[in-house]
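Quick note, the sequence shown lines up with residues -27 to -1, 1 to 415 if you use mature numbering (1 follows the signal peptide of the UniProt record, and there is no 0).
Ideal Cβ placement from N, Cα and C applies to all residues, glycine included.
This report concerns only the one structure given below.
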Amino acid sequence: MKLSTVVSVCTAAVLTGTVLTAAPAQAAGAENSGTYYNATPGRIADSRYGTGGMPKARLVTGSSVSIPVLGRSGVPATGVSAVVVNLTAIKTSTSGWVTAYASRTAKPNTSSLNFGANWTGATTSTVDVGADGRIKLDVTGSLDLAVDIIGYYGSASGTGAAGASFVPMDGTRMVDTRETVALRPGQSVRVSLGDWDTTDAMVPRAVRTNVTALSSSASGWLATWSGVGAAPATSTVNVVKGEVSPNSTVVALSKDSAGEYGFTVKNTSNTTMHALVDIEGLYVTSTDGPFSVRIPTGPSRIIDTRYGVGAPKAKVAAGRTIRQAAPQLDWIFPLGFEGTITGAAPLGTTWLTAWGGDPYRPTTSSLNLVKGVNRANGMTLSYGMQTEDSDPGFAIYNAAAATDVIVDRTAYFGLTIDLPAFAAKQKAAEQVVARAAARPTR
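In C-alpha cells form, the structure reads like this:
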C-alpha cells in the first residue's frame, strides 16, 4: 500500500466518521504481544525420518500430526502466540492439501499447502500455537512432509524487549537474474535493502519476500538466510524442471560491511536456475516501541470463487480483477492481513497478483499456476483504496488463463499508533527500499 493510500484512508476517516483511532497503548508487560522475532532457522519435523512428532511413514488422507514448537530452534518455551514455518511437501504421490492450525482447536475449512502428484514444493505459513505448545497438521493426499521453523510472534506473557512491527509494501522487485545471468549451483546473490542509519529511528530485522525459482534445467531448490555464516541445510523454494515456483517467506536481515541491511539467496542444488526476489514488507523495531501488531483471527476462508464466497461464483477470467473491502472493526484499525492465496483448477498457465488494491497494480506476481494443478502461496496484504471515495480493501488480478481463486485469512495486522505517524514510518521505509531497488544487484 502506497503512502498516498494511507493518507487517503486518513481523509476518508474524517469525511465518513469511520472509527480509525489507534488501539489503546499497551501495558509494559504486553509490548511483546503480536510483535515478530527471528528464530534460528531449522528443521523441526520430517516424516521421512520420524522426527519432531511425525511418524516415520508417508502421511495419507486422514493423517493428523501434532508438532511441538516451543523451546525448539530458537523459539522460547513461553510467550509465543504463533510460529512462522515452512511446510514442504516431498515426493507427493497424489494431489491434495495440508491444513495447519493451532493444536486443541477445531479444524478450520482452510488449506495452507496445496500440491499435485509427483511434486516437491513448499509454502510458508504462520500458525497459531495451541495451549499445549503445538501446531496441528491435517493431511488430504499422500506425501512426506517437513516442517522448518523461521520465526515467531510474541504473546502478552513474553518477557524481554518487544519484537518487530510489520510495515506492508506492495511488491517491489529487487532481483531478476533473467536480466543478468542464471544462478549456477553454489552461487548466491545478496539482496540489499539499503542504509537505515537515519531512517526514522527504525532498524529492519526481517523481510517478507516472495522468492521465485524458474527456468530450472532439473529439479532444484533455493535457500534464503541473513547471509551470516553458512547457508542453512533447509530449502526455501523447491522447483521442478519447466515450472515457476514461488514461496512468500520471512527472512532475517543482517548488516554488511558497507552498513547496509540485506539477506542472501543461494542456489544450494545441483542445477542452474533463475531467481526473482520481490519485497512485500518489512519487520522493523523502533525506538518509540511497537506500532503494528499481529492479531490472530483463526484460519477462515474469505474468498472462494468456486462457491461465490466473498466474490462472484465464477472462475476469474484472464485480465480480470476481483476485489474485497476491508472489514470495519471498531476496536482497532486493520492495516492489513496475512493468509494464503490458492489457485484452483486453472485452465492454463497463469499468475496472480495480490495487492492493496490502489490503482497502481505492482508488476510482481503472488502465485504462479500451471494447467489443472492447485497451488498455494502465503501472503501478507495491506488494505488500500481505489479512489479517495472508496472503501479500503484489496485486489487480486489474474494475468492469463481462467482460474478459481481462494483466499484464507489467519490474522490481521493492526496499528497501535495514529495513521499519520504510521504513514511517516512507512514512507521512510519505502524510500530506502526504492533507492536500493533502483541499483544493480549483481
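- Grouping DSSP H, G and I as helix and E and B as strand, with all else coil, what is F395? When secondary structure is reduced to three states using DSSP, F395 falls in the helix class.
- beta strand (DSSP E) runs wholly inside the segment 110 to 137, at least 3 long, in chain order: 115 to 127
- Query: Looking only at DSSP bridge pairs, what is residue 423 linked to?
  - Reply: Beyond the ends of the chain as shown, which are -27 and 415, falls residue 423; an answer cannot be given.
- For Q297, write down the residues that DSSP places opposite it in a beta bridge. F367
- Message: Given the structure, does D377 come close to the ligand MG, in the sense that its CB is under 7 Å from one of the ligand's heavy atoms?
- Response: In the structure shown, the ligand MG is absent, as is every other ligand, since no ligand is present at all.
- State yes or no: is the beta carbon of T185 nearer than 8 Å to at least one beta carbon in chain D? Going by chain labels, chain D is absent from the structure shown, which holds only one protein chain.
- Task: Starting from P41, follow its DSSP beta bridges and name the residues at the other end.
- Result: R107
- Verify whether the separation of the beta carbon atoms of F367 and Y385 is less than 8 Å. no
- Message: Using only the alpha-carbon positions, how far apart do A(-16) and I305 sit?
- Response: Since pLDDT at A(-16) reaches only 32, below the 50 mark, its modelled position is unreliable, and the value read off the structure follows with that caveat. In this model, A(-16) and I305 are separated by some 16 Å (Cα to Cα).
- Query: Once you ignore the five residues that flank V57 on each side, which residues in its own chain have a CB closer than 7 Å to its CB?
  - Reply: T97, T99, I123, G124, Y125 and V223
- Item | CB contact flag (P269, P81, <8 Å) | Here P269 is not near P81, since their CB atoms are 8 Å or more apart.
- Roughly how many angstroms lie between the CA atoms of Y256 and A327, to the nearest whole one? Rounded to the nearest angstrom, the two C-alpha atoms are 20 Å apart.
- Query: Rounded to the nearest angstrom, how far is the Cβ of V48 from that of V42, given a contact under 8 Å?
  - Reply: 6 Å
- With burial defined as no fewer than 16 other Cβ atoms inside 10 Å of the residue's Cβ, what is the status of T336: buried or exposed? exposed
- Item | Three-state secondary structure (DSSP) of V406 | helix
- Is there contact between the segment 274 to 288 and the segment 180 to 194, where contact requires at least three CB pairs shorter than 8 Å? no
- Of the residues L354, M246 and G15, the one placed nearest L187, counting alpha carbons only: M246
- Item | According to DSSP, residues forming a beta bridge with residue 427 | The structure shown does not extend to residue 427, since the chain is modelled only from -27 through 415, so no value can be given for it.
- Candidates A135, A409 and A12: closest to S199 by CA position: A12
- Item | Segment contact, 8 Å Cβ cut-off, at least three pairs: the segment 398 to 407 with the segment 313 to 328 | no
- Message: Quick test of your reading: R21 and D121, contact by CB under 8 Å. State the CB separation rounded to the nearest angstrom.
- Response: Actually they are not in contact, since the Cβ atoms of R21 and D121 sit about 14 Å apart, beyond 8 Å.
- Between the CA atoms of N243 and S68 - distance to the nearest angstrom: C-alpha separation (whole angstroms): 26 Å.
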